[in-house]
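There are 2 protein chains.
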Amino acid sequence: MNAEELHFSTRFDGITGSAIREIFKMIDQPDMISFAGGNPSPSALPDAVAAEIAQDVLQRDGKRILQYGATEGYPPFLESLTAYAEKAIGKKMPSVLPVTGSTQAMDLLCKCLINPGDTILVEDPTFLGNLQCMHLYEANIVPVPGDEEGLVPELLEEAVKEHHPKMLYVIPNFQNPTGRTMSLSRRQTVARLAAEYHFVVAEDDPYRDLRYHGTSLPSIASMDQDGWVVFLGSFSKIISPGLRVGYIAGDSTILRKCTLGKQSSDLHTANLTQAIVDQFLRRDLLPAHIERICKDYKEQLDSMLSELETFPEGTSFTRPEGGLFIWVTLPEGIDAKPLLEEAVKRHVAYVPGTHFYALGGHENTLRLNFSNSTLPQIHEGMGTLRQLFREHLG
Amino acid sequence: MNAEELHFSTRFDGITGSAIREIFKMIDQPDMISFAGGNPSPSALPDAVAAEIAQDVLQRDGKRILQYGATEGYPPFLESLTAYAEKAIGKKMPSVLPVTGSTQAMDLLCKCLINPGDTILVEDPTFLGNLQCMHLYEANIVPVPGDEEGLVPELLEEAVKEHHPKMLYVIPNFQNPTGRTMSLSRRQTVARLAAEYHFVVAEDDPYRDLRYHGTSLPSIASMDQDGWVVFLGSFSKIISPGLRVGYIAGDSTILRKCTLGKQSSDLHTANLTQAIVDQFLRRDLLPAHIERICKDYKEQLDSMLSELETFPEGTSFTRPEGGLFIWVTLPEGIDAKPLLEEAVKRHVAYVPGTHFYALGGHENTLRLNFSNSTLPQIHEGMGTLRQLFREHLG
């Protein structure tokens with residue numbers, strides 16, 4: 010056929026694909042030092058344990074695991090997940106639904122709630138993968154500025170009053186891309202505004218367990234009385250992203266719609282991957298595993314931060330207490346997007362910050378991931394970037 | 010919150026969930042004889058082999074399998090799948106994308122192509138799960154009548170001229186729910202009309218390998234010159250539905266859009282489940298496995314057909330050459346929907362046929378599955394249904 014004979018749906022207008030996914034392809038070379046993705050460290054991926062568990066669950070419950078399952082989840086996992094989620098969220102949620110990675114959680118929430126033109130408020134900047142999801146639902150995406158403590162309450166309330174949002178999307182812990190953590194009082198404000206103005210808060214919390222400094226703050230969902238806050242959880246960063254297992258927890262009416270939406274999305278999440286995560290929970294393997302990876306990630310974070318100290322004057326950066334990312338603001342006039350190509354030639358990759366802004370701009374920003382590189386790689390790669398940015402000072 | 014404070018998206022208007030999924034819950038009792046689902050027989054689920062393979066692939070390639078993967082697929086599987094799909098379709102397709110069950114294939118195709126109000130032509134009756142998917146994209150669903158040979162060509166062309174469809178959805182082999190197979194000449198007509206009138210054909214072919222009588226017919230995709238036919242394949246019926254692995258094969262432009270859509274749906278299909286199916290293909294385990302299950306399913310089909318011979322006068326039914334389903338038309342005046350409740354009380358389940366009609370009606374029809382019941386269960390369950398329907402003759 011000729012391209013002009015086929016008309017794609019309008020939801021794809023302007024969609025060119027996730028910048029990160031495209032960068033992944035560009036940097037798929039063995040000697041690349043990648044600060045680009047949000048990949049766990051290879052040493053954090055429990056392949057030996059997973060191999061033993063996969064064999065075990067298929068031997069013990071293979072007929073059920075290989076058969077069609079309920080959209081609501083593989084029963085043993087639904088049980089262990091419900092207990093796990095209650096602990097993570099700090100509150101018993103009315104309903105929990107296993108999903109195929111928290112990517113699907115966002116897709117299902119948009120499917121349930123968003124008509125074309127409906128407003129979603131987002132942090133500015135925010136996770137670009139979910140921005141693409143919102144675009145595909147033809148949402149009116151309105152960015153709300155934040156500072157070191159997260160969303161600025163006055164600006165949030167102003168945006169709520171002006172735009173009557175259907176949803177607010179936030180990542181309160183070690184935000185992607187900035188690494189920032191929302192303060193306690195701002196979390197309370199978000200919960201209060203949602204109840205007052207009737208919008209759903211999608212609280213996306215995949216990094217919660219990866220804390221290296223400071224103390225844990227309560228979830229926004231735990232401050233919610235009326236079911237406006239929906240919690241999105243994930244096992245991607247603490248067990249494996251390749252298994253694609255996450256969950257949604259929240260109000261039963263909303264979760265029921267998500268379940269109906271999931272029937273037509275993928276019927277159910279693979280029983281096998283649910284059964285594997287179930288065993289990690291039942292055997293209580295996570296605490297020791299998380300302790301080990303946090304120890305490594307903390308060293309990697311601290312190393313990258315100390316490298317950043319010696320970057321060209323005028324460079325600023327966040328000091329995350331956890332998660333996977335540091336956010337860097339270069340001196341005005343340096344554009345991180347065209348420089349990426351040059352960096353890749355020198356075998357180092359990052360994600361230009363402009364991709365995380367709903368309205369673009371902010372060309373002098375970039376996101377660095379520290380979890381997927383060894384200490385020597387961090388030293389070498391940061392040296393390369395330091396040199397590169399020095400060469401391009403105005 | 011109160012329900013009236015929250016407004017769900019309009020795409021959910023009228024969506025009450027898959028009738029089959031709801032029936033599943035109703036019949037989840039140990040002594041139930043279920044002719045309702047499309048479940049493979051428990052003996053057809055290769056749990057021991059899958060256990061060995063899962064352990065093997067995680068031991069050999071665990072770090073890659075547990076890490077983020079490409080939306081385009083786990084590389085070894087993409088390779089073996091491309092070869093497999095070429096053989097199944099009888100033609101080298103420009104592009105192949107692994108998906109999370111062919112449920113997701115339909116979702117992605119609708120995502121790419123369907124604006125609210127766009128017309129999708131469907132067989133009448135057709136697979137209700139995909140009808141729900143089309144409803145969620147707010148498609149204008151237009152059913153086209155068929156007969157023993159599939160869609161009636163004159164009625165199809167008439168519908169095409171009148172409705173200018175974006176898509177035609179067909180299951181040419183052992184159709185769900187009727188068990189009918191589309192004749193060669195009608196396949197040629199479908200391919201010709203698509204090229205002439207410029208609509209996409211979604212050729213859904215999950216049952217192709219489950220043939221017990223007669224000879225295989227070429228796919229519609231193999232008759233297509235210009236890329237209008239997109240082929241949806243699945244490993245659910247020949248390996249395991251619980252693994253959720255299917256694929257889309259077709260024109261590269263369409264597949265590229267599906268890939269972008271998949272980025273926001275679930276990022277990628279779990280690498281582990283792709284790796285397991287990959288090993289089934291690489292080790293060439295399918296031919297012997299399919300031969301074994303076809304032998305069993307043929308006996309089950311033949312047994313159910315001979316039971317149907319003794320159903321009340323005026324009952325008619327299809328004689329499928331393969332697949333999983335027989336379609337039964339009861340004497341006028343018997344309504345299969347309210348009778349299901351009575352059947353379930355007697356520990357037998359089926360799916361009322363009305364659910365498969367885009368516009369409802371046809372209350373005297375029902376769908377029977379034979380793959381998930383043993384020969385004694387078929388004998389007993391069909392005896393129960395025969396008695397039940399006799400009691401309710403007008």
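Protein sequences appear in the order of chains A and B.
Quick note: the first sequence uses our numbering, first residue 10, plus one each step.
Quick note: the second sequence uses our numbering, first residue 10, plus one each step.
Yeah, the Cβ is synthetic: ideal placement off N, Cα and C, and Gly gets one too.
Mind pulling the chain A residues with CB within less than 7 Å of B/Asp275? Thr109, Gly110, Thr112, Gln113, Arg253 and Asp275
Measuring straight from C-alpha to C-alpha, what distance separates A/Ala203 and B/Glu14? 11 Å
Is DSSP giving B/Asp305 helix, strand or coil here? helix
Between which two residues does the beta strand (DSSP E) containing B/Ala211 stretch? Boundaries of the beta strand (DSSP E) harbouring B/Ala211: Val209 to Asp213, taken from the DSSP string.
Check the Cβ-Cβ distances between A/Leu202 and every residue of chain B, and say whether any is below 8 Å. no
What residue from A/Arg195, A/Val337 and A/Phe289 has the CA that sits closest to A/Ala59's CA? A/Phe289
Beta strand (DSSP E) segment containing B/Arg376, residue limits: Thr374 to Asn378
Burial state of A/Asn11, where buried means 16 or more other Cβ atoms lie within 10 Å: exposed
Burial state of A/Met115, where buried means 16 or more other Cβ atoms lie within 10 Å: By the 10 Å Cβ count, A/Met115 comes out buried.
What does A/Asp156 pair with, by DSSP beta-bridge criteria? A/Gly159
Residues in the same chain with beta-carbon distance under 7 Å from B/Met232, minus the five sequence neighbours each way, listed in chain order, please. Arg196, Gln197 and Ala200
Proximal chain B residues relative to A/Thr282, where beta-carbon distance stays under 8 Å: Ala279, Leu281 and Thr282
A/Arg292 at chain B interface by Cβ criterion, 8 Å: no
Please name the residues in the stretch 226-256 of chain B whose beta-carbon is closer than 9 Å to at least one beta-carbon of chain A, in chain order. Asp235, Gly236, Trp237, Ser245, Ile248, Ser249, Pro250, Gly251, Leu252, Arg253 and Val254
Using 8 Å as the threshold, is the C-beta distance between A/Gly138 and A/Tyr216 below it? no
A/Ser382 - containing beta strand (DSSP E), residue span: Looking at the DSSP string, A/Ser382 is not in any beta strand (DSSP E), and its letter there is neither H nor E.
Under a CB-based cut-off of 8 Å, is B/His298 close to chain A? no
Does any residue of chain B have a CB that is nearer than 8 Å to the CB of A/Gln288? no
Mind checking A/Ser261: buried by the 16 CB within 10 Å criterion, or exposed? exposed
Looking only at its own chain, which residues have a Cβ that is under 8 Å from the Cβ of B/Glu351, when we skip the five neighbours before and after it? Leu397
Just to confirm my understanding: we take A/Gly223, look at its own chain, exclude 5 residues before and 5 after, and list those with CB closer than 6 Å. What are they? Glu330
Chain-ordered chain B contacts of A/Tyr77 [CB-CB under 7 Å]: Gly46, Asn48, Pro250 and Gly251
Closest Cβ-Cβ distance between A/Asp260 and chain B: below 8 Å? Closer than 8 Å: yes.
Per-residue burial, B/Leu165 [other beta carbons within 10 Å of its own, 16 or more giving buried]: buried
Quick check: B/Asp213 and B/Val179, are their CB atoms within less than 8 Å of each other? yes
Would you tell me roughly how many angstroms separate the C-alpha atoms of B/Pro125 and B/Gly255, rounded to the nearest one? 26 Å
Give the range of the alpha helix (DSSP H) segment to which A/Glu132 is assigned. Run containing A/Glu132: none in the alpha helix (DSSP H); it sits in the beta strand (DSSP E), Thr128 to Asp133.
Helix, strand or coil: which one does DSSP assign to B/Ile150? Looking at B/Ile150 - three-state DSSP - the assignment turns out to be strand.
Contact set for B/Ser243: own chain, Cβ-Cβ below 6 Å, skip 5 residues either direction: Ser111, Pro215 and Gly255
Where does B/Val254 sit, in a helix, a strand or coil, going by DSSP? coil
Burial state of B/Lys96 (16 or more Cβ within 10 Å): Around the CB of B/Lys96, fewer than 16 other CB atoms lie within 10 Å, so the residue is classed as exposed.
Please determine, among A/Lys307, A/His173, A/Ile123 and A/Gly71, the residue with the shortest C-alpha to C-alpha distance to A/Asn381. A/Lys307
A/Thr190 versus A/Thr393: straight-line alpha-carbon distance, rounded: 29 Å
Measure from the C-beta of B/Pro51 to each C-beta in chain A and report whether the shortest distance is under 8 Å. yes
Start and end of the alpha helix (DSSP H) containing B/Gly242? Per DSSP, B/Gly242 belongs to no alpha helix (DSSP H); it is in the beta strand (DSSP E), Val238 to Ser243.
Applying a beta-carbon distance threshold of less than 8 Å, which residues of chain A neighbour B/Glu14? His207
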